[in-house]
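Single-structure report; data block below.
Protein chains in written order, with this note's numbering: chain A, 1 to 279; chain B, 1001 to 1265.
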């Protein structure tokens, strides 16, 4: 048995017998990387991968191994204990009538005693900075706040892996920023792996590894820095590199040396002041 | 405005009635509705009225608010009274309206039935006024628990109710959004003949239904992802507790019922 946490072995999937294949012979492993980003344009099969990892869908061909278990009807409940998932629409994953009840939902499903539940709810809401909203109803929260509650709900069940399936796609810039902050702070916890699924390359800067999907196949498995260097190829599959990376490219073309492709504003700034002080 | 949205007519508060276990309230009201039909003397009606009005005052909700909540029923109560006045022909003729005779029995009967009706509505509305919908849901789940033996889906029913409650504000917001979107395309909801206004609701309902179904599907998936596999082996965060207050309330109620039977004719 390999020591990878998630492994896809020649996985193919389609939604119906007369439908086109969404995933075609996909294989990859997620080992001890703390944060893996899966990117691709709409219809590239990236969301399907998320649902397959959690046993919400089953592949027609190939097998998926999560935490040493091959996903099938019998193992999904055990797999779901170690894999938490946050979806795109903040409203449609809020089950409870209040924040507290919603975080409790996953715990209730697992039959966790009430006293432990109360403690875990407090802890996980604190981790996402939503403690003061514990008794709020969902309609009194913004989209970003609802997504933070969704992350808290997942944290409460203390999974090994959290999948964020376009969790920021429906948020405004402020909400998106907040969520990325939360994700970053959550990532620093021990024994927690993250898989974020997105079509926004701005969000993958901190990932340890990037899997690029195109037309149902793995197009590349690389690091963010190496990926941002391939602007032309990315454009062909409908993805665009972030502004910072573009700017850096322009600098290089102007003859200003940028040693490594920057992942964010700070890194670009660093390069620039080093260059400036050398002048 | 949405912050003020109150589902049903629940008025938050901390009165003695608010703090009762919802199961106690439901039980008392259930038996009250049953025993009210045993009242047949002036004194027995007096006791029941005292009990209902006393409880209403004990909630410390503004009387005007409670009365306002009863407005739709006033008409029904009045109607019942008038019907009895015209139909019942007991006792002596008290007076005549034009040539139509009104009997004393009709007045007594009409008043008694209307009073009964009024008390019924008052007491049942006290439940929804002082208990949040989610508490009622929990109480129903708990009280219906024995029905599980005959395979009645108690847990599913309660979950359905709580999810509906959770989505009411969401769907209201959505309705508002859709109606604005349709109004911006020229659908007129507010003026014109009734028939046209009813027709204008169709472009509102269709998108609302479609999105509700979509939501349901996504919600089901999210619930499954969070490990939901039915009511078996589930624990609950919200718990119901019967305290000394509930025993006091039940005892008072039993005394009232005893008094009712003592004062019956």
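Every residue, glycine too, gets a C-beta built ideally from N, C-alpha and C.
Against chain A, the CB of residue 1173 (chain B) has a partner CB under 8 Å away; the residue lies at that interface.
C-alpha of residue 1261 (chain B) to C-alpha of residue 1156 (chain B): approximately 40 Å in a straight line. Within chain A, not a single residue places a beta-carbon under 8 Å from that of residue 1156 (chain B); the smallest gap is close to 14 Å.
Sequence-distant Cβ neighbours of residue 1143 (chain B) in its own chain, meaning closer than 7 Å and more than five residues away, are 1023 and 1026.
Check the Cα spacing between residue 1151 (chain B) and each of B:1231, B:1253, B:1165 and B:1043: the tightest is with B:1231.
Neighbours of residue 113 (chain A) in chain B, taken as residues whose beta carbon is under 8 Å from its own, are 1235 in chain order.
Neighbourhood of residue 78 (chain A) in chain B, by CB distance below 8 Å: empty, with the nearest CB roughly 10 Å away. For residue 1225 (chain B), a Cβ of chain A is located within less than 8 Å of the residue's own Cβ. Annotated as distal: residue 1097 (chain B) and residue 1061 (chain B), with beta-carbon spacing of 8 Å or more.
Listed along the chain, the chain B residues whose CB falls inside 9 Å of the CB of residue 75 (chain A) amount to none; the nearest CB is some 13 Å away. Beta-bridge partners of residue 29 (chain A) (DSSP): A:7.
Among the residues of chain A, those whose CB is under 8 Å from the CB of residue 1229 (chain B) are 77 and 109, following chain order.
DSSP places residue 62 (chain A) in the uninterrupted beta strand (DSSP E) bounded by 61-66.
Between the alpha carbons of residue 1205 (chain B) and residue 156 (chain A) lies a gap of roughly 38 Å.
Ranked by Cα distance from residue 1183 (chain B), the first of B:1201, B:1194 and B:1168 is B:1201.
In terms of Cα proximity to residue 20 (chain A), the closest of A:215, A:269, A:192 and A:236 is A:215.
Contact between residue 106 (chain A) and residue 153 (chain A) holds, since their C-beta atoms are separated by about 5 Å, short of 8 Å. In this structure the segment 59-75 of chain A does not touch the segment 126-145 of chain A; the number of beta carbon pairs closer than 8 Å is below three. Ranked by how close their Cα comes to the Cα of residue 1117 (chain B), the residues B:1109, B:1077, B:1099 and B:1135 have B:1077 in first place. Secondary structure in the segment 1038-1110 of chain B: the alpha helix (DSSP H) runs of 4 residues or longer, each lying completely within the stretch, are 1042-1058 and 1063-1087 in chain order. For residue 85 (chain A), the enclosing beta strand (DSSP E) covers residues 83-86.
Residue 35 (chain A) has A:194 as its beta-bridge partners, per DSSP.
For the options A:160, A:110 and A:98, the alpha carbon positioned closest to that of residue 133 (chain A) is the one of A:98. Taking each of B:1234, B:1140, B:1113 and B:1105 in turn and checking the Cα distance to residue 1030 (chain B), the smallest one comes out for B:1140.
Residue 1130 (chain B) is positioned such that its CB atom lies no closer than 8 Å to that of residue 1071 (chain B).
Annotated three-state conformation of residue 202 (chain A) is helix, per DSSP. Judged by DSSP in its simplified three-state form, residue 24 (chain A) adopts strand. For residue 1162 (chain B), the nearest CB of chain A lies under 8 Å from its own CB, placing it at the interface with that chain. Looking at the backbone, the Cα of residue 223 (chain A) and that of residue 210 (chain A) are separated by about 5 Å. In this structure residue 1249 (chain B) is not in contact with residue 1047 (chain B), their Cβ atoms being roughly 16 Å apart against a cut-off of 8 Å. Considering only A:149, A:138 and A:60, the residue with the shortest C-alpha distance to residue 125 (chain A) is A:149.
Think of a sphere of 9 Å around the beta carbon of residue 1239 (chain B): the chain A residues whose beta carbon falls inside it are 114, in chain order. In this structure, DSSP gives residue 239 (chain A) a state outside helix and strand, which the three-state scheme calls coil.
Ranked by how close their Cα comes to the Cα of residue 264 (chain A), the residues A:75, A:235 and A:225 have A:225 in first place. Residue 58 (chain A) is outside the set of residues whose beta carbon lies under 8 Å from a beta carbon in chain B. Assignment of residue 212 (chain A) by DSSP, reduced to helix, strand and coil, places it in the strand class.
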